[in-house]
Amino acid sequence: MHQLCTSKGQDTEAGAGARVDLGLVRAARKTIRDLVVATPLVRAHSLSGTSGAEVWLKLETMQPIGAFKLRGASHALARLSAAERRRGVVTASTGNHGRAVAYAARRLGIPAIVCLSALVSETKARAIAELGAEVRRVGTCQDDAMALADRLALEEGRIAVPPFDHPHVIAGQGTIALELLDALPSLASIVVPLSGGGLISGIAVAAKALNPAIAIVGVSMERGAAMQASLAAGRPVEVTEEPSLADSLGGGIGRDNALTFDLCRHLVDRVVLVSEAEIYRGMSHLFHAEGLVSEGAAAVGVAALLAGKLPGLPLPAALVISGRNVDSDQFLRVVSGQPVTLGDHSVQG
Ligand SMILES: *Cc1c(COP(=O)(O)O)cnc(C)c1O
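Encoded structure:
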């Protein structure tokens, strides 16, 4: 297993041992102020009902790269020393983290390499190249891309920027909670898409420091819920990855997980799983009822709510709509009610 992007790379990176607390999240907010958008929080009329019970949507879809990952990546890169910046950064992320690193690196004038395997579409690769990063194509699977990122870090001294298991990345994502509680001090719960757990850990650290009573709920897809399986097992475990509408939630938490597993264990109140059909309905609902374009990963909270899987959710609640980077053909099929093929089966609302 090649884990450099999420573990060994940290040995060479300044600040890897920092403690994630409210102070670090507040510092992150100042550091990334000019690099990210303080996103809108809007009331979801279609989900709020007539009782006055309120559901709000935090629109991370409005970030420049279309996903919240810009917060963590911007913070991690902005914290690098001048000497580290000259060495440049490297990542093997195929999705929103890769875009975020590319975008933040260009804004900060740091050379970035994104390693991609043949599995990653030309469209995605071009999008990352257009953001100014050097794309290196290698091998046939994500492990090959991670191996190259490993090598570039070890042999060329590049700084590896992990997608979730790093204090500066987690603190960057946590800035969402500061914006939420500034806008809505009475907030009683936050519903967060959950994969490696950087997003929910940062949010939970900051939100619970400000209001220990606030409920933090994670939502993952049924197919390959690595953090949920790990929490159930009491240690990081690997799960089989399967194609999902929530492709941004794919991947494991890392066998050597240093931070997010423990943070989730202590701070997350509940984890809920949703099916592919439920995610399909969540995406469709956000478009037809709220006029929002969202990717599958971003729609899992709405999916859980619509499926009745969040009974007794403390209100007001904020659902983090984490991103909007979805294949347009897939999105058009979902919002027009047509079946979508995922691996060897098809899904429909
Ligand atoms: C990465 C990502 C997530 C999950 O974030 P983690 O920190 O890995 O839990 C959720 N939604 C979108 C759109 C993402 O890109």
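For the sequence shown, the working numbering begins at 5 and goes up steadily by one.
Each residue gets a CB set at the ideal place from its N, CA and C atoms; glycine is no exception.
Residues bridged to residue i (per DSSP)
{"i": "residue 296", "result": "DSSP, once it has assigned bridges, lists no residue as partnering residue 296."}
{"i": "residue 61", "result": "46 and 323"}
{"i": "residue 349", "result": "346"}
{"i": "residue 316", "result": "Its beta-bridge partners do not exist; DSSP assigns none."}
When the options are compared against residue i, the one with the closest alpha-carbon
{"i": "residue 103", "options": "253, 135 and 204", "result": "135"}
{"i": "residue 312", "options": "322, 282, 329 and 337", "result": "282"}
{"i": "residue 365", "options": "174, 29, 345 and 137", "result": "Any question about residue 365 goes unanswered here, given that the chain covers just 5 to 353."}
{"i": "residue 209", "options": "86, 174 and 78", "result": "174"}
{"i": "residue 115", "options": "24, 162, 25 and 123", "result": "162"}
{"i": "residue 154", "options": "120, 244, 316 and 58", "result": "120"}
{"i": "residue 60", "options": "294, 142 and 263", "result": "294"}
{"i": "residue 270", "options": "280, 212, 277 and 230", "result": "212"}
{"i": "residue 185", "options": "198, 217, 164 and 172", "result": "217"}
{"i": "residue 338", "options": "223, 347 and 289", "result": "289"}
{"i": "residue 248", "options": "170, 264, 219 and 331", "result": "331"}
{"i": "residue 46", "options": "133, 94 and 188", "result": "188"}
{"i": "residue 244", "options": "199, 230 and 84", "result": "230"}
{"i": "residue 266", "options": "237, 250 and 246", "result": "237"}
{"i": "residue 297", "options": "326, 272 and 310", "result": "326"}
Alpha-carbon to alpha-carbon, residue j and residue i
{"i": "residue 299", "j": "residue 240", "result": "26 Å"}
{"i": "residue 319", "j": "residue 291", "result": "23 Å"}
{"i": "residue 168", "j": "residue 72", "result": "12 Å"}
{"i": "residue 286", "j": "residue 256", "result": "24 Å"}
{"i": "residue 284", "j": "residue 324", "result": "17 Å"}
{"i": "residue 76", "j": "residue 349", "result": "35 Å"}
{"i": "residue 130", "j": "residue 235", "result": "37 Å"}
{"i": "residue 6", "j": "residue 97", "result": "Any answer about residue 6 is weak, because its pLDDT of 35 lies below 50 and its placement is not dependable; what the coordinates show is given next. Each residue's Cα considered, the two are about 13 Å apart."}
{"i": "residue 321", "j": "residue 304", "result": "15 Å"}
{"i": "residue 148", "j": "residue 233", "result": "25 Å"}
{"i": "residue 138", "j": "residue 117", "result": "5 Å"}
{"i": "residue 254", "j": "residue 315", "result": "26 Å"}
{"i": "residue 336", "j": "residue 26", "result": "40 Å"}
{"i": "residue 258", "j": "residue 333", "result": "32 Å"}
{"i": "residue 228", "j": "residue 342", "result": "24 Å"}
{"i": "residue 164", "j": "residue 308", "result": "34 Å"}
{"i": "residue 132", "j": "residue 106", "result": "7 Å"}
{"i": "residue 143", "j": "residue 150", "result": "10 Å"}
{"i": "residue 65", "j": "residue 111", "result": "19 Å"}
Three-state secondary structure assigned by DSSP to residue i
{"i": "residue 71", "result": "strand"}
{"i": "residue 263", "result": "coil"}
{"i": "residue 145", "result": "coil"}
{"i": "residue 81", "result": "helix"}
{"i": "residue 138", "result": "strand"}
{"i": "residue 179", "result": "helix"}
{"i": "residue 278", "result": "strand"}
{"i": "residue 207", "result": "helix"}
{"i": "residue 88", "result": "helix"}
{"i": "residue 22", "result": "coil"}
{"i": "residue 340", "result": "coil"}
{"i": "residue 202", "result": "helix"}
{"i": "residue 249", "result": "coil"}
{"i": "residue 95", "result": "strand"}
{"i": "residue 354", "result": "A query on residue 354 cannot be resolved here, the shown segment of the chain reaching from 5 to 353 and no further."}
{"i": "residue 196", "result": "strand"}
{"i": "residue 305", "result": "helix"}
Expected contact under 8 Å - CB spacing of residue i and residue j to nearest Å
{"i": "residue 69", "j": "residue 179", "result": "About 16 Å; that fails the 8 Å criterion."}
{"i": "residue 225", "j": "residue 278", "result": "6 Å"}
{"i": "residue 193", "j": "residue 51", "result": "The pair is not a contact, with the Cβ atoms about 13 Å apart (cut-off 8 Å)."}
{"i": "residue 40", "j": "residue 85", "result": "Residue 40 to residue 85, Cβ: 21 Å. No contact."}
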